[in-house]
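One structure is given here, and the rest of the page talks about it.
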Amino acid sequence: MIAYIHELFQLRVVQNLNQTAVFLDNKRLTYLELNRQANQLARYLCELGVGPEVVVGLSRERSPQMVVALLAILKAGGAYFPLDPTYPKERLAFMIQNARASILLTQAQHLNKLPHCDECDAKIACLDRDREIIARESQENLVNRVQAKNLANVIYTSGSTGKPKGVAIAYESLANFIKFEITVLDLPTAFWHQLCLELDRERLAITDSLRLVIIGGERARPQQLGIWKKRVNPKVRFVNTYGPTEATVMTTMCDLAGSKAIATSGRVLPIGRVIKNTQTYILDPLLKPVPEREMGQLYIGGIGLVRGYLKPLQQPKVCEVEFFRKTRSLKTPFIIYNLEELDKSYQAIQQALPSVKIYYSVKCNPIERIIERLKNKGSGFEIASLAEAEQLFRQNIKPSEIVCLHPIKSPDFIQYLHHHQIEILAVDSYEEVDKIATFAPESKIVVRINIPNTKSVWSLSGKFGIDVSEAIALLKYIQAKGLIPYGITTHVGSQCEDIDSWLECAKVYQAVLKMAQMADIRLQFVSLGGGLPVRYCQPVPEIEAIGKVIRENLLDYTCNNYQVSIEPGRAMVATMGILVVTVIGLAKRGEQMWTYIDAGTYNGLAEAIETSDRQFYQIVTEHPHRRQINYNIGGPTCASMDAPFQDISLPELQIGDRLYILDVGAYSISCASSFNGFPVPDTYFYQDLR
Numbered sequence: 043m044i045a046y047i048h049e050l051f052q053l054r055v056v057q058n059l060n061q062t063a064v065f066l067d068n069k070r071l072t073y074l075e076l077n078r079q080a081n082q083l084a085r086y087l088c089e090l091g092v093g094p095e096v097v098v099g100l101s102r103e104r105s106p107q108m109v110v111a112l113l114a115i116l117k118a119g120g121a122y123f124p125l126d127p128t129y130p131k132e133r134l135a136f137m138i139q140n141a142r143a144s145i146l147l148t149q150a151q152h153l154n155k156l157p158h159c160d161e162c163d164a165k166i167a168c169l170d171r172d173r174e175i176i177a178r179e180s181q182e183n184l185v186n187r188v189q190a191k192n193l194a195n196v197i198y199t200s201g202s203t204g205k206p207k208g209v210a211i212a213y214e215s216l217a218n219f220i221k222f223e224i225t226v227l228d229l230p231t232a233f234w235h236q237l238c239l240e241l242d243r244e245r246l247a248i249t250d251s252l253r254l255v256i257i258g259g260e261r262a263r264p265q266q267l268g269i270w271k272k273r274v275n276p277k278v279r280f281v282n283t284y285g286p287t288e289a290t291v292m293t294t295m296c297d298l299a300g301s302k303a304i305a306t307s308g309r310v311l312p313i314g315r316v317i318k319n320t321q322t323y324i325l326d327p328l329l330k331p332v333p334e335r336e337m338g339q340l341y342i343g344g345i346g347l348v349r350g351y352l353k354p355l356q357q358p359k360v361c362e363v364e365f366f367r368k369t370r371s372l373k374t375p376f377i378i379y380n381l382e383e384l385d386k387s388y389q390a391i392q393q394a395l396p397s398v399k400i401y402y403s404v405k406c407n408p409i410e411r412i413i414e415r416l417k418n419k420g421s422g423f424e425i426a427s428l429a430e431a432e433q434l435f436r437q438n439i440k441p442s443e444i445v446c447l448h449p450i451k452s453p454d455f456i457q458y459l460h461h462h463q464i465e466i467l468a469v470d471s472y473e474e475v476d477k478i479a480t481f482a483p484e485s486k487i488v489v490r491i492n493i494p495n496t497k498s499v500w501s502l503s504g505k506f507g508i509d510v511s512e513a514i515a516l517l518k519y520i521q522a523k524g525l526i527p528y529g530i531t532t533h534v535g536s537q538c539e540d541i542d543s544w545l546e547c548a549k550v551y552q553a554v555l556k557m558a559q560m561a562d563i564r565l566q567f568v569s570l571g572g573g574l575p576v577r578y579c580q581p582v583p584e585i586e587a588i589g590k591v592i593r594e595n596l597l598d599y600t601c602n603n604y605q606v607s608i609e610p611g612r613a614m615v616a617t618m619g620i621l622v623v624t625v626i627g628l629a630k631r632g633e634q635m636w637t638y639i640d641a642g643t644y645n646g647l648a649e650a651i652e653t654s655d656r657q658f659y660q661i662v663t664e665h666p667h668r669r670q671i672n673y674n675i676g677g678p679t680c681a682s683m684d685a686p687f688q689d690i691s692l693p694e695l696q697i698g699d700r701l702y703i704l705d706v707g708a709y710s711i712s713c714a715s716s717f718n719g720f721p722v723p724d725t726y727f728y729q730d731l732r
């Protein structure tokens with residue numbers, strides 16, 4: 043069972059009623075005084091709407107009242123978010139907006155230092171101005187309002203590599219942190235150890251009572267350790283700690299006091315071993331453990347791992363008032379496409395696989411303007427139907443830029459392909475070979491091979507592909523039927539989030555190509571298929587990392603002997619689309635809140651059917667500072683399965699609000715229908731809006 047930080051503090055209050063808990067200069071609070079004042083402020087914050095998943099910005103100078111405020115936020119069930127009033131206004135503005143702070147807790151003297159306070163939806167609570175109101179609240183402890191996974195703290199990285207990132211720390215991670223035997227690094231954790239907390243000043247004198255020095259934040263240097271050891275009592279204990287913000291500050295520790303192995307003239311000090319409930323691994327780029335004494339990347343796991351980064355407000359998408367203004371007159375539901383996002387996606391794949399020919403998978407989104415944009419970039423096109431082929435010809439795509447790697451085709455479709463000189467066709471059965479030999483003689487045939495792809499969001503293993511052990515026999519049969527055994531293809535599954543699948547795919551290719559050479563079958567074409575992942579709400583391997591695996595394990599093997607292609611669809615167009623919908627209904631059913639929108643699984647969100655176990659798409663509202671509520675979201679139709687989102691946290695919704703569902707550029711239109719008479723979303727391009 044999780045022991046929450048505010049509950050542990052209350053236990054210490056009982057044991058240390060009149061002992062000093064916190065002081066700065068001549069200002070002191072006992073444990074009892076601190077607890078009572080925190081309870082009063084917590085109740086006041088609850089009246090302002092603070093509760094689970096509500097972020098409260100805290101901006102004031104260091105004082106005992108700052109500690110009161112911090113504990114009050116936790117007792118109210120919220121998440122505290124420190125705002126240093128000495129930061130530049132630009133940084134504060136970014137952090138307040140990015141953290142979606144619902145309330146800013148401060149003092150009157152700091153109001154002019156907080157940017158856009160009068161323009162944002164956040165409520166302002168001044169502790170000094172509202173002192174009399176707060177003092178009228180009850181001093182009794184509050185009932186716990188949080189669960190283990192709820193947000194407890196938002197802190198920001200330094201921003202040394204760009205803009206700072208907001209890190210979301212859950213209550214369970216803080217609970218693990220405070221049980222660590224030397225955890226006195228942060229304000230809310232000191233009280234667990236019955237310590238009197240002296241608030242930090244610019245300079246503190248080293249006293250004879252000093253017994254423990256904890257090194258953290260920056261790399262510990264032996265020379266500096268040597269200086270410290272010469273100037274303090276020999277009984278002082280030195281502990282070197284390491285841990286990124288993303289692992290709740292501390293991951294490993296090493297007790298340096300009295301260690302004969304520590305040479306103050308050396309280059310580095312050890313970071314020690316992992317703390318409780320934490321795991322560390324040193325892995326290579328393929329996520330395999332490296333041999334002892336070899337270099338690798340450090341991976342950290344365990345309960346201390348934070349919930350993740352705060353999702354950035356999208357640029358140049360829905361975070362801008364300008365976007366809301368430009369789309370306000372459009373009737374929902376509609377999708378806005380940003381061609382610049384398409385350009386970025388195409389370039390990323392091209393840079394990761396510079397020698398690989400790109401064939402865009404038309405089924406993903408067949409809108410003519412997208413096809414035209416890709417044609418002008420030199421992309422080829424992969425089709426699966428006669429209608430797709432007809433569209434490409436209407437847009438003057440050359441037959442040499444079209445391949446059909448769908449292994450199931452009707453006789454009429456095969457004849458059409460042959461008549462229009464589309465030569466590269468895929469098969470995965472003897473029956474398909476027979477059809478092509480009859481209706482499209484002399485075609486170039488690519489054999490589709492089945493590989494395991496259970497680690498993809500949409501697995502294709504059961505429907506298509508011949509077993510790898512039968513590939514050579516099928517290639518020989520193709521040759522015997524007068525067709526050209528041209529190459530091989532496979533598919534790691536749609537939205538493949540596991541980089542090892544690409545490595546296994548490369549190994550299969552190597553094996554089949556080698557067997558084909560031994561069988562005196564000269565193949566010329568290797569298709570990597572689709573499956574490149576998109577970062578929706580979950581982290582996925584970067585395109586460059588996947589490209590590195592392919593380059594090192596396949597392209598180096600094939601060299602210049604084969605034409606290598608890839609057929610991305612989702613990875614090309616997903617991020618370019620935003621579905622804009624309107625809230626048309628609200629209802630409370632038992633303990634669950636429901637909201638209803640004017641587009642659902644039948645008219646724009648078909649992929650949500652198979653991803654209902656997790657939030658697949660990110661949703662943004664125009665009112666991010668409202669309190670968070672968990673919703674089930676239903677579409678407009680009468681079908682029970684038209685409920686694309688379950689139990690997701692959103693700012694409180696009202697009828698008429700607009701929701702902006704991100705990264706819906708793939709399959710949203712091509713899979714949409716007018717079931718129940720509800721319309722397929724209209725489409726617009728961001729570049730055309732005025």
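The opening position of the sequence shown corresponds to residue 43 in this note's numbering, with each subsequent residue numbered one higher. Beta carbons: idealized from backbone N, C-alpha and C, even for Gly. Values in this document were obtained by computation on a predicted structure and should not be read as measured data.
Three or more Cβ pairs drawn from the stretch 543–562 and the stretch 587–598 lie within less than 8 Å of each other, which places the two stretches in contact. Per DSSP, the unbroken beta strand (DSSP E) holding Q339 starts and ends at Q339 to G344. Inter-residue distance for I400 and C168 is about 58 Å (C-alpha atoms, whole angstroms). Look at L298 here: in three-state DSSP terms it is coil, with no helix or strand label. Contact annotation: K486 and I466 have beta-carbon atoms nearer than 8 Å. Between I651 and A613, the beta carbon gap of about 21 Å keeps them out of contact (Cβ cut-off 8 Å).
Nearest to V196 by alpha-carbon distance, out of R279, E288, R273 and T480, is E288.
Contact check for L112 against L100 passes: the beta carbons are separated by less than 8 Å. E609 counts as buried, since at least 16 other C-beta atoms from the protein chains shown sit within 10 angstroms of its C-beta.
A Cβ-Cβ contact shorter than 8 Å links I425 with C446. Apart from the 5 residues on each side of it in sequence, V489 sits with its Cβ closer than 8 Å to the Cβ of A468, V469, D470, I508, A513, L516, L517, I520, P527, G529, I530 and T531 in its chain, given in chain order. With a cut-off of 8 Å on Cβ pairs, the stretch 77–96 is in contact with the stretch 165–180, counting three or more such pairs. Residue ranges of uninterrupted alpha helix (DSSP H) with 4 or more members, entirely inside the stretch 93–133 and ordered along the chain, are 106–117. For the pair N674 and A685, the CB atoms are nearer than the 8 Å cut-off. The beta carbons of V278 and V310 sit no closer together than 8 Å. Cβ-Cβ separation between Y284 and T293: approximately 6 Å, consistent with a contact (criterion under 8 Å).
The C-beta distance from V348 to I138 rounds to 20 Å, too long to meet the 8 Å contact threshold.
Taking every protein chain shown into account, the CB of T480 has fewer than 16 other CB atoms within 10 angstroms, so this residue is exposed.
Shown here, I671 sits in a strand according to DSSP, grouped into three states. When the five nearest sequence neighbours on each side are left out, the beta carbons in the same chain lying within less than 7 Å of the beta carbon of S403 are those of E424, G572, E609, P610 and G611, in order along the chain. For T287, the three-state secondary structure derived from DSSP is helix. A direct Cα-to-Cα measurement between K386 and K549 gives close to 30 Å. Cβ-Cβ separation between V499 and Y351: approximately 21 Å, too far for a contact (criterion under 8 Å). One Cα belongs to V606, the other to I324, and the distance between them is close to 33 Å. Buried is the label assigned to I444, since at least 16 other Cβ atoms lie within 10 Å of its Cβ. Q537 carries a strand assignment under DSSP once its states are collapsed to helix, strand and coil.
Just measuring C-alpha positions, the residue of L701, G698, T679 and Y728 sitting nearest G719 is T679. Leaving aside the five residues that flank L628 on each side, the residues in its chain whose CB is nearer than 8 Å to its CB run, in chain order, M635, W636, T637, Y638, L695, Q696 and I697.
Contact check for R142 against P666 passes: the beta carbons are separated by less than 8 Å. In the three-state reduction of the DSSP assignment, F365 falls in the helix class. Taking R436 as the centre and dropping the five residues before and after it, the same chain places no C-beta closer than 7 Å to its C-beta. Less than 8 Å divides the Cβ of G619 from the Cβ of V706. Pairing K165 with P127 gives a Cβ-Cβ distance that is not under 8 Å.
Around the CB of D640, 16 or more other CB atoms lie within 10 Å, so the residue is classed as buried.
No Cβ-Cβ contact shorter than 8 Å links T624 with I377. As DSSP reads the structure, M635 sits in a beta bridge with K630 and Y673.
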